[in-house]
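Heads up, the sequence shown is in this note's numbering, so the first residue is 1 and it goes up one at a time.
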Amino acid sequence: MKKNLSELAIWGNSPIFENQIPVGQINLPSWEYFCDSFHDLFERRYYTNHGVLTQEFEEKLCRLLGTRYALVMTNATIALSLACKGLNLPVGGKVIVPSFTFAATVQALSWAGLEPVFCDITHHSHLITPDTVAPLLDTPGVCAILGVHLWGNACDADGLTKLAKERDISIFFDAAHAIGCTHRGFSIGGFGSCEVFSFHGTKILTSTEGGCITTNDDDLAERLRNLRSSYGRRMTVPIPIAGYGRFSEAQAAFGLLSLEDFPKNCAANEKRMHLYVEGLRAVPGIRFLLPTPGERHNYQYVVLEIEEKEFGLSRDALVRILEAENVLVRRYFVPGMHRCVPYKTQFPQYMNTLPVTDALCEKVMQVPSGQRVTDGDITVICDLIRFVHTHAKKLKGALPKREEPQQ
Ligand code: T4K
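Encoded structure:
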């Protein structure tokens with residue numbers, strides 16, 4: 001551990017970690033199992049588009065999530081766009097969506113020809129609520145609500161669905177972070193008209209790239225199958241335009257192995273989260289966004305808020321110090337989508353209407369978790385954060401200036 005401020009890597013010294021520790025990394029299955037499944041795949045010579053492994057993966061996802069259908073797609077961004085088409089949301093229609101989310105949530109709406117209506121969130125959960133959504137329902141042209149179950153914690157699905165029903169508009173959820181999580185004891189996957197999961201390489205359940213739409217609606221499932229591609233279609237139904245969000249057998253093979261390791265990977269990440277919480281318990285100005293008590297969780301992300309006044313330094317200053325030491329913490333999501341191109345110029349009306357989003361964008365950060373992060377790494381990262389807090393006053397004026405890139 002560094003003993004003096006002058007030893008920090010931010011001044012050009014060697015970083016505390018020789019290799020970079022990313023915030024997320026692929027949770028790999030065992031090499032032997034991986035070779036076995038690829039051997040079979042080569043034997044079959046059927047590589048993509050609703051093959052046997054894809055179908056097996058879909059069946060197992062339905063069982064895990066308790067839904068009638070799980071339709072796997074190339075990735076969650078494409079799945080979100082196809083969900084909009086499957087729900088027959090009209091081109092030019094407006095969708096209420098949080099600004100505090102990954103760019104893909106909002107960009108998927110744009111690809112589907114829809115306009116975002118940016119909604120604020122509550123501080124304690126980072127989620128939209130019926131109270132934050134209600135004032136936006138009178139916006140002319142609103143046709144849907146797209147909630148995001150951020151960090152695996154669920155939106156108030158009942159309250160939001162009630163609002164959507166009263167207004168006769170659609171409701172669906174971006175559940176990219178929420179595989180295996182519950183809401184009021186029910187698996188996320190069955191709320192709203194449909195829910196969309198991500199199996200990207202950094203996700204706790206991964207098919208390297210990939211995503212999935214779950215639904216209990218027979219007609220919607222059929223439209224989604226037709227939208228995805230002609231393979232796996234059970235009957236032909238009218239759709240606006242095909243989306244070609246195909247899923248390969250290689251993705252399915254990886255996904256099936258990841259599914260087997262899923263409970264083990266969640267438990268390991270839970271332990272990592274507790275180590276961080278313990279290690280930083282006594283540090284003023286650090287708040288963890290923890291899983292909702294009483295619900296099942298996947299522990300995908302370890303999410304912190306840094307309160308500058310109490311911690312002594314801003315979140316951004318802390319991030320720079322940690323990055324220099326090869327701890328690649330992330331600032332998901334900076335800035336809010338309403339402040340990113342093209343939305344900030346297309347829809348300037350949201351600029352000063354989302355105070356909680358703007359405040360959280362200054363405070364939130366994620367620390368490394370996943371297979372490659374050892375208990376010892378977490379101890380060092382916590383020691384480093386404590387060290388920075390102890391010397392915050394001296395560090396404050398001394399850090400070299402850095403320009404933020406234009407969004
Ligand atoms: N909705 C929400 C709410 C989302 O958060 C996301 C994606 C989506 C929708 C769309 O889902 P997909 O279309 O992606 O299925 C990452 C992920 O790319 C993205 O999936 C995720 N959310 C988002 C929150 O984070 P980046 O740009 O920070 O990730 P990336 O690729 O730079 O990876 C992070 C770190 O992990 C890197 O430092 C390197 C390391 N890494 C990554 C991969 C893929 C590895 O070590 N090995 C790997 O294989 O966006």
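Ideal Cβ placement from N, Cα and C applies to all residues, glycine included.
Close beta carbons around residue i, own chain, < 8 Å, minus the five adjacent residues each side
i	result
Asp377	Phe17, Ile21, Pro368
Cys62	Arg68, Tyr69, Ala70, Thr214
Leu275	Asp375, Ile378, Thr379, Cys382
Distance between residue j and residue i (C-alpha atoms, nearest Å)
i	j	result
Ser125	Ala154	9 Å
Phe32	Ala250	According to the sequence shown, residue 32 is Glu rather than Phe. Each residue's alpha carbon lies about 15 Å from the other.
Arg228	His338	30 Å
Tyr231	Lys264	33 Å
Leu280	His149	26 Å
Glu166	Asp158	12 Å
Asn75	Lys203	12 Å
Phe42	Ala253	12 Å
Cys340	Met351	10 Å
His389	Ala282	11 Å
Ala268	Val373	10 Å
Ser110	Pro116	8 Å
His50	Val72	9 Å
Glu56	Tyr244	20 Å
Thr101	Asp174	10 Å
Trp11	Leu137	51 Å
Phe199	Glu209	6 Å
Val319	Lys396	13 Å
Ile241	Ile96	24 Å
Cβ shell of residue i (< 7 Å), same chain only, five flanking positions each side left out
i	result
Thr48	Arg246, Ser248, Glu249
Leu354	Ser99, Phe118, Asp120, Gly336, His338
Asn27	Ile204, Thr206, Ser258, Asp261, Asn265, Gly370, Gln371
Gln366	Val23, Tyr301, Val302, Val303, Val329, Arg330, Tyr332
Proximal residues to residue i (C-beta, below 6 Å), its chain only, five neighbours per side dropped
i	result
Met273	Tyr299, Val302
Thr129	Thr122, Asp156
Leu322	Val329
Pro284	Glu310
Ile381	Val327
Val364	Glu305
Coarse secondary structure for residue i, derived from DSSP in three states
i	result
Arg296	coil
Ala108	helix
Lys94	strand
Gln366	strand
Ala157	helix
Pro483	In the structure as shown, the chain starts at 1 and stops at 407, and residue 483 therefore has no counterpart that could be examined.
Arg167	helix
Gly279	helix
Glu307	coil
Ile452	A question about residue 452 goes unanswered here, because the residues of the chain that appear run from 1 up to 407.
Val148	strand
Arg233	coil
Val341	coil
Phe408	Only positions 1 to 407 of the chain appear in this structure, which leaves residue 408 out of reach.
Val133	helix
Val380	helix
For residue i: DSSP bridge partner residues
i	result
His183	Phe186
Tyr69	Thr215
Glu195	Phe173, Thr214
Phe118	Val97
Thr48	Ser248
Leu328	Pro22
Val302	Val367
* Does the pairing of the region 24 to 44 with the region 187 to 197 give three or more beta-carbon distances under 8 Å? -> no
* Would you say the region 74 to 85 touches the region 208 to 228, given that touching needs at least three Cβ pairs under 8 Å? -> yes
* To do: Count the C-beta pairs between the region 346 to 356 and the region 383 to 391 that are closer than 8 Å, then say yes if the count reaches three, no if not.
  => no
* Asked: When the Cβ atoms of the region 61 to 68 are set against those of the region 183 to 192, are three or more pairs found closer than 8 Å?
  -> yes
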